[in-house]
Every structure is written in C-alpha cells, then in structure tokens.
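The structure under discussion appears below in the form of structure tokens.
In the numbering used here, the protein residues as written are -7 to 283.
Okay, structure coming up:
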C-alpha cells in the first residue's frame, strides 16, 4: 500500500514548523527578505516541509505551520497572514462566502484517503470492516461497545476531528452527504481532537478508540488498523478510481495567481522531485490519479 517511510515524515515538519506567523517583516510574502509563510493542513504539511527544506538550497526562506488545519490555513490566507494555504479539502462555498475579497487559486498536488482507524486489539478481535451505517452509529454514540459490531467486549471511545479540519469534512460528507452533521453525543467516551499527530497519539493510547485519520499516518504503526468501508479498501487503485468513499484531493492555495517565492514553491511541488515527496509520505501523485 503506502510507503512506510511515512511514520518518520512528520519529524521533519516538527523541526521546520514556525508557529508564530507575525514575525515576518513583509507579512509572509517571501518578498523583501521575509520568509514565505505556508500554513494549514497537517496532512499536507510533511510534503510542504520537505519541499521547503529542498528549496533552502536555492536561497528560499520558507516556514511551514499547521495552525487550525485546512480551514485555519484558508482563513489566514484570506487575511494576508500567509501566502500559501495547505488544504486537504476542496474549497467550499462557505470558504468563499466568508472571504469575498479573496481570489482563491487552488492547485491540486495529489490525493489521499481518510480512514476509519481502530486499535489493533479491536481489529484482531473481528472488526475489519464497517458499513456506513455502523460508522455513523459509532460517531453518533449509538454503538457503545465493540461487541455490537462483531468485536471484543470493549467500550468504544470516539475521537472526532474539530470542525474545519479537512478530515472531518470528508467523514461528514461520507456519512451525511449534503446534510448537516448532528451535534456530538453527550458522552464521556467522545472527545474532539485537532491535527493528525494528536489523533494518532490518542488512538494509540486509548483501548477501544476509533477516529478518522489520513491512512498514510497509520503506515508502520503496529497498534493501529484501517478498516475497510462496505468492503472497500483504501488502496491506491481504489483511491485513484474514486471507488473508496473517503478519498480526497490535496491542495496548495494562493490568493490570486502565485508569484515570486510562492510560485517557485508550488512549481517545485508539482515537479518530478516534488511529486516524489507525495509518494514518500504515502500519498498519490497527480500522475497516479490521472491528472
């Protein structure tokens, strides 16, 4: 399936990420000696961090942050805090309506899949596939013990993503289509998490946990497993064809036509070398999905 190098990938992001976006003298445009500021999706961040490292050899100063996930990056872009937003979801009409002055220009750089991830203990006991209805009932708190879906006698603990995260939007689209998702269940066995690393850490430390998470973040993690959804595996072939129901595009977004350092950065990610970073981190390249 995906590359097992992915399990080390986010260490690069941790080193390179600069969380304070206000420290750039020119507002993060990459002009006039200031660093090019890139922020948003924790899914796209490992690729962006590696690209930033590679471009340092060409004299480009680029910082990568992950404040607020996809929605946070889009909001920061619209307000002029950054020059490139990373997004693991397509631009929504709500994004455009909330930022009418922004001229969003999304550039797709590859594709990924969101998985419904469970602990190995749960998977080994029999939960290897879930239907859409079962996933919905798990996240709505209607299924509270894994024995109800053929698993162990173990309480279910749900970690859902916070609103605005690309992963959350993909899950909601799969479960509810164009309808609004219901309010979270009032349960002590339900919590909201942020980025991919936090989600993975919570999954690995909580018996009976389930959460939506990019499947690339599960590679090499022996304690976690991605279930099939209605019998469909999140394989590269199924992602590329659209058969897997929670496949998603990955984007770099600029406000207006990208220029200067922003253009160099996006062009690099689209180049042969840049697309190899997609493969390195467990994602599908544009070529692999027929783009």
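Glycine is no exception: its CB is placed at the ideal position from the N, C-alpha and C atoms.
Tell me, please, whether the segment 223 to 231 touches the segment 79 to 96 by the rule of three or more beta-carbon pairs shorter than 8 Å.
no
From 156, 27, 220 and 151, pick the residue whose C-alpha is nearest to that of residue 182; which is it?
For the purposes of this step, residue 182 is taken as the residue at position 190 of the chain shown. Among 156, 27, 220 and 151, the Cα nearest to that of residue 182 is on 151.
For residue 77, is the beta carbon positioned less than 8 Å from some heavy atom of the ligand PLP?
Here there are no bound small molecules, and the ligand PLP is not part of this structure.
Could you tell me the alpha carbon to alpha carbon distance between residue 43 and residue 269, rounded to whole angstroms?
In the chain shown, counting from the first residue as 1, residue 43 sits at position 51. In the chain shown, counting from the first residue as 1, residue 269 sits at position 277. Approximately 8 Å, taken between the alpha carbons.
Return the CA-CA distance between residue 191 and residue 215, expressed in angstroms with no decimal places.
Your numbering for residue 191 matches position 199 in the chain shown. Your numbering for residue 215 matches position 223 in the chain shown. Cα to Cα, residue 191 sits roughly 14 Å from residue 215.
Can you list the beta strand (DSSP E) stretches of 3 or more residues lying completely in the segment 192 to 248, in chain order?
201 to 206, 216 to 218 and 239 to 247
Could you give the distance in angstroms between the alpha-carbon of residue 212 and the alpha-carbon of residue 218?
As a first step, residue 212 must be located in the chain shown, where it is residue number 220. As a first step, residue 218 must be located in the chain shown, where it is residue number 226. Using only the alpha carbons, I get a separation of about 12 Å.
Output the distance between the C-alpha atoms of residue 54 and residue 96, rounded to the nearest integer angstrom.
Locating residue 54 in the chain shown gives position 62, where the first residue counts as 1. Locating residue 96 in the chain shown gives position 104, where the first residue counts as 1. Approximately 20 Å between the Cα atoms of the pair.
Following the continuous alpha helix (DSSP H) through residue 158, name the residue where it begins and the one where it ends.
Start at 1 with the first residue of the chain shown, and residue 158 comes out as number 166. That run of the alpha helix (DSSP H) goes 158 to 168.
Would you mind stating whether residue 254 and residue 76 have Cβ atoms separated by less than 9 Å?
Your numbering for residue 254 matches position 262 in the chain shown. Your numbering for residue 76 matches position 84 in the chain shown. Yes.
Nearest-angstrom Cα distance between residue 117 and residue 123?
The residue you call residue 117 lines up with position 125 of the chain shown. The residue you call residue 123 lines up with position 131 of the chain shown. Here the C-alpha atom of residue 117 lies approximately 17 Å from the C-alpha atom of residue 123.
Quick one: what's residue 139 bridged to in DSSP?
Along the chain shown, one-based indexing puts residue 139 at 147. None, per the DSSP bridge assignment.
Please state the DSSP three-state secondary structure of residue 31.
In the chain shown, residue 31 corresponds to position 39, counting from 1. Note: residue 31 maps to strand in three-state DSSP.
Taking the alpha-carbon positions, what's the residue 250 to residue 165 distance?
Taking the first residue of the chain shown as 1, we reach residue 250 at position 258. Taking the first residue of the chain shown as 1, we reach residue 165 at position 173. Using only the alpha carbons, I get a separation of about 30 Å.
Please determine if the segment 25 to 33 and the segment 44 to 63 are in contact, where contact requires at least 3 C-beta pairs separated by less than 8 Å.
yes
What first and last residue would you give for the alpha helix (DSSP H) that runs through residue 41?
For this step, residue 41 is matched to residue 49 along the chain shown. It spans 37 to 48 - the alpha helix (DSSP H) in which residue 41 sits, taken as one unbroken run.
For the putative contact between residue 275 and residue 242, defined by C-beta atoms under 8 Å, what is the C-beta separation to the nearest angstrom?
The residue you call residue 275 lines up with position 283 of the chain shown. The residue you call residue 242 lines up with position 250 of the chain shown. About 6 Å separates the CB atoms of residue 275 and residue 242; that is less than 8 Å, so the two are in contact.
For residue 41, tell me which candidate among 50, 169 and 56 has the shortest Cα-Cα distance.
Here the question's residue 41 lines up with position 49 in the chain shown. The shortest C-alpha separation from residue 41 is found at 56.
Going by the CB atoms, is the gap between residue 159 and residue 106 shorter than 9 Å?
As a first step, residue 106 must be located in the chain shown, where it is residue number 114. As a first step, residue 159 must be located in the chain shown, where it is residue number 167. In contact: residue 106 and residue 159 (Cβ atoms closer than 9 Å).
Going by the DSSP bridge assignment, what does residue 122 pair with across the sheet?
Taking the chain shown and counting its residues from 1, the one referred to as residue 122 is at position 130. Note: residue 122 sits in a beta bridge opposite 221.
I need the DSSP call for residue 255, collapsed to helix, strand or coil.
Residue 255 sits at position 263 when you count from the first residue of the chain shown. Residue 255: helix per DSSP, three-state reduction.
How is the alpha helix (DSSP H) around residue 87 delimited, first residue to last?
By one-based count along the chain shown, residue 87 stands at place 95. Element bounds for residue 87: 85 to 90.
Relative to the C-alpha of residue 177, which residue among 146, 271 and 133 is closest?
For the purposes of this step, residue 177 is taken as the residue at position 185 of the chain shown. Each of 146, 271 and 133 was checked against the Cα of residue 177, and the nearest Cα belongs to 133.
Measuring CA to CA, which of 196, 179 and 156 is closest to residue 186?
Stepping through the chain shown from its first residue, residue 186 is reached at position 194. The residue with the shortest Cα to Cα distance from residue 186 is 156.
Pull up the distance between the alpha-carbon of residue 17 and that of residue 39, whole angstroms please.
As a first step, residue 17 must be located in the chain shown, where it is residue number 25. As a first step, residue 39 must be located in the chain shown, where it is residue number 47. Its pLDDT being 30, under 50, residue 17 is placed unreliably by the model, and the measurement read from it follows with that caveat. Cα to Cα, residue 17 sits roughly 25 Å from residue 39.
Going along the chain, which residues of its own chain have a beta-carbon closer than 7 Å to the beta-carbon of residue 139, five neighbours each way excluded?
The residue labelled residue 139 in the question sits at position 147 within the chain shown. Result list for residue 139: 145, in chain order.
Give the range of the beta strand (DSSP E) segment to which residue 111 is assigned.
Here residue 111 corresponds to residue number 119 of the chain shown, with the count starting at 1. Looking at the DSSP string, the run of the beta strand (DSSP E) that includes residue 111 is 96 to 111.
Since residue 79 is in the beta strand (DSSP E), which residue starts that stretch and which ends it?
Position 87 of the chain shown, counted from the first residue, corresponds to residue 79. Residues 76 to 79.
Could you give the residue range of the alpha helix (DSSP H) that holds residue 271?
The residue you call residue 271 lines up with position 279 of the chain shown. Unbroken alpha helix (DSSP H) run through residue 271: 264 to 272.
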